[in-house]
Amino acid sequence: EQLLAGIFAEVLGLDRVGIHSHFFELGGHSLLATRAISRIRSAFSLEVPLRELFVSPTVASLAVRVDRLIRAGASLAVPPLKPREDKGQPARLSFAQQRLWFLDQLEPGSASYNMPGAVRMSGPLDTEVLARTFQELVRRHEALRTTFRSENGVAVQRVSAEVEVPLRVVQLDGLPEAAREAEALRHVEQEVLLPFDLSRGPLLRATLVRLSEEEHVLVVVLHHIVSDGWSTGLLVREVAALYGAYAEGKPSPLGELPVQYGDYAEWQRGWLRGAVLEQQVEYWRKQLEGAPKALELVTDKPRPAAQSFRGAVLERRWEKGLWRKVEEVSRREGVTPFMVLLSAYQVVLSRHAGQREVVVGFPIAGRTHAETEGLIGYFANTLVLRGRVEEWETFGELVGRAKEVTLGAYAHQDVPFEKLVEELLPERDLSRSPLFQVSLTLQNTPGVEVKLGKGLVLKGLETDTKTSKFDLSLSVGDGPDGVAVVLNYNSDLFEEGTAERLVGHVRRVLEGGVEGWEKKVRELPLETEDERRRVMAWSGRGSSRSEMVGAEPHENGQHAEVRRQHGQSPRSLRDQTLAALFEATVAGRPDAVAVVDAAGESLTYGQLNERANQLAHHLRSVGVG
């Protein structure tokens, strides 16, 4: 109990934890749960499934489960991660790195896998100290001194003993104040889109844009093959710690790292093979058997024959009150906010695509060893979550199934997504990513804001790479100013308006779900208040419903003639189906203009009806019911 209480307190950032305190009620979530399990593994030399923490979320109850595992003779299923012995030899690539290396060989000079980060620095800045800080960062992390090349037909990573990473300084303080921000943004975008050469390196760039004596923007770009989202936050924290110490004439406060990324890559290659790999892959094989090959979302533009990675970003903010409700219902029902969010997302995607089954990608940190938490490198993995949306079940039942799928995925997260694709060999479609085309991320950490010594403050800035790895990537994060919602969408498929509607629909279903846990899924509304107002305004444009049957606004006399010819009262006409209203208009006014396109060409109601009938007969002839 003492060991577990210490582990809970450490990962939750608390001074102490009582033995009956609930891990998730204290602020725990899936990412922190994974970190707790990795520490439990180290402390007890024992493999404890993540599910155990959900079943026994207090120190007292989990201690009983751990004790039973020890008495049953359970031991570590995963070998310890240690420094490799032949440090002088190049290391193999990890599975994740192997895929990025292959993609770079196919399309050299691409910026699709650049990992940018930008911070605004307010206060007095010593440029020389900042440059020294980056050099120490490069010395600490071998990944930042690594280059990639093929040797004897095999891709390897070589670590240089020393690498000079110059801090490029751009002076903008001579420009008029109004022009500085725009020019700074241009420089940020320029740095973000500049490609790397994996064989030459360095795979880290640092640029300082000087706006004034006490206002700077620092842009840091790494290639994804040596970095991930976790690494970005780690880099900012280490820069802050090193700069603060060096500015005061002190040595580095950071301890030496126990392992390096090359050690991890060799460990992964040595362990994840043979029977171990097959056991993990077999779970995914069963889980994804018969899954839909693609999520057939209706796109605004024709899907290109080969997947493009051009993208755009839509950012919105939800009020904190909604997320507080999500957290409250999650604690009450024994699930995580991610599981609730995933269920709402699945409902929206299911309705937009007209499919019961929805497959969503879920990026995770992939740092299942405590030794990797302080390393800059590419550890992130992607889990594949297959969900089924039944309109007759309750929202709570949908979330319950999402919980089981998520926990099962976590229990088999050691298989890298790249290896999973290689083993499962899904039918390839060059126009789509394999296994899934949409992803969901819950950002569990707030935006970076760090205070340094001597009044220097760092605050994170958003950067847009203008790329999109998938059709849609939704990211939701709880912050001090509300819930930040970011939808990265493929701009060759979708318009901004469609992205806006989709985000609004997710919010609407989420609101309905947390307020009506026992409601049937079919009862959860999709449309937003703005959409509802527009529909109501359109449907209430006068009792004549002139626009619904295509008559001009002032043709009420002719409209009335249509009703008289078909023996319909105004009320009975309003109760007819759209098809019946159309046919009535065709019969009464076949020569009236029905539709006009942007070029000015038009069709009458008679012509439109004739073409619709031709299409219907053709569809029937090829078997469409």
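All the letters of the sequence shown, read from the start, carry residue numbers 33 to 657 under our numbering. Yeah, the Cβ is synthetic: ideal placement off N, Cα and C, and Gly gets one too. Computed from a predicted model, the values in this text were never measured in an experiment.
Mark residue i as exposed unless 16 or more other C-beta atoms lie within 10 angstroms of its C-beta, in which case mark it buried.
i, result
"Thr400", "buried"
"Ala211", "exposed"
"Ile102", "exposed"
"Trp666", "Not covered by the structure: residue 666. The range shown for the chain is 33 to 657."
"Arg242", "buried"
"Phe370", "buried"
"His649", "exposed"
"Gln339", "buried"
"Arg418", "buried"
"Gln137", "exposed"
Would you give the residue range spanned by the alpha helix (DSSP H) that residue i belongs to?
i, result
"Trp303", "293-303"
"Ile102", "91-103"
"Ala397", "No alpha helix (DSSP H) holds Ala397; DSSP gives it neither H nor E."
"Thr385", "Here residue 385 is Ala; the residue named in the question, Thr, does not match the sequence. Per DSSP, Ala385 belongs to the alpha helix (DSSP H) from 369-385."
"Asn641", "637-653"
"Ser74", "62-76"
"Ala83", "Before going on, a small fix: residue 83 reads as Arg here, not Ala. Run containing Arg83: 82-87, per the alpha helix (DSSP H) assignment."
"Gly432", "427-443"
"Ser263", "261-279"
"Gly689", "Given that the chain is displayed from residue 33 to residue 657, the structure contains no residue 689 and the question cannot be resolved."
"Leu467", "Per DSSP, Leu467 belongs to no alpha helix (DSSP H) and is neither H nor E."
"Arg242", "Arg242 -> not in any alpha helix (DSSP H); beta strand (DSSP E) instead, spanning 236-244."
"His171", "Position check: residue 171 holds Arg in this sequence, whereas His was assumed. From DSSP, the alpha helix (DSSP H) with Arg171 extends over 159-172."
"Thr617", "610-620"
"Glu57", "Taken as a continuous stretch (DSSP letters only), Glu57 belongs to no alpha helix (DSSP H), as it is neither H nor E."
"Arg317", "306-320"
"Val453", "449-456"
State the start and end residues of the unbroken beta strand (DSSP E) segment that holds residue i.
i, result
"His255", "247-255"
"Ala412", "That residue, Ala412, is in no beta strand (DSSP E); it is neither H nor E in DSSP."
"Glu494", "No beta strand (DSSP E) holds Glu494; DSSP gives it neither H nor E."
"Gln475", "470-475"
"Arg388", "Segment: none, Arg388 is in no beta strand (DSSP E) and carries neither H nor E."
"Arg348", "343-350"
"Arg16", "Missing from the structure shown is residue 16; the chain here goes from 33 to 657 and no further."
"Ala128", "Not the beta strand (DSSP E): Ala128 falls in the alpha helix (DSSP H), residues 127-138."
"Ser154", "146-154"
How many angstroms separate the CA atom of residue i from the CA atom of residue j?
i, j, result
"Leu63", "Leu651", "50 Å"
"Ala616", "Gln608", "10 Å"
"Glu459", "Leu327", "14 Å"
"Val546", "Glu280", "51 Å"
"Pro285", "Ser375", "44 Å"
"Gly509", "Pro140", "33 Å"
"Arg540", "Phe614", "33 Å"
"Leu640", "Ala631", "17 Å"
"Phe228", "Ser144", "10 Å"
"Val656", "Ala644", "15 Å"
"Trp191", "His173", "Looking at the sequence shown, residue 191 is not Trp but Val. Those two C-alpha atoms are separated by around 10 Å."
"Trp303", "Val197", "34 Å"
"His598", "Arg621", "Because His598 sits at a pLDDT of 47, beneath the cut-off of 50, its placement in the model cannot be relied upon, and the point is left open."
"Glu42", "Thr90", "15 Å"
"Leu9", "Tyr315", "The chain is shown from 33 up to 657; residue 9 falls before or after that span and cannot be answered."
"His52", "Ala92", "6 Å"
"Ser36", "Glu84", "Checking the displayed sequence, the identity of residue 36 turns out to be Leu instead of Ser. Whole-angstrom Cα-Cα distance: 13 Å."
"His61", "Thr368", "6 Å"
"Glu454", "Phe502", "19 Å"
"Ala612", "Glu555", "28 Å"
"Ser465", "Gly261", "21 Å"
"Val567", "Arg348", "23 Å"
"Leu113", "Val431", "35 Å"
"Ser126", "Arg301", "7 Å"
"Arg342", "Asp461", "18 Å"
"Glu561", "Glu351", "16 Å"
"Leu266", "Thr404", "11 Å"
Below 8 Å on the Cβ atoms is my guess for residue i versus residue j; work out the distance and round it to an integer in Å.
i, j, result
"Asp73", "Glu79", "Contrary to the premise, residue 73 reads as Arg rather than Asp in this sequence. Arg73 to Glu79, Cβ: 6 Å. Contact."
"His248", "Leu157", "6 Å"
"Ser463", "Arg335", "5 Å"
"Thr239", "Arg200", "5 Å"
"Ser254", "Leu235", "The sequence shown places Leu at residue 254, rather than the Ser named in the question. Contact holds; Cβ gap of about 6 Å."
"Met153", "Leu488", "6 Å"
"Ile408", "Leu176", "6 Å"
"Glu57", "Arg363", "5 Å"
"Glu450", "Arg131", "4 Å"
"Leu381", "Leu474", "So it is not a contact: roughly 16 Å between Cβ atoms."
Of all the alpha helix (DSSP H) runs that stay within the bounds of the stretch 190-234, which reach a length of 4 or more residues?
If we require 4 residues or more, the alpha helix (DSSP H) runs fully inside the stretch 190-234 come out as 209-224.
Tell me the start and end of each unbroken beta strand (DSSP E) in the stretch 485-535 that is at least 3 residues and wholly inside, in chain order.
489-493, 504-511, 514-522
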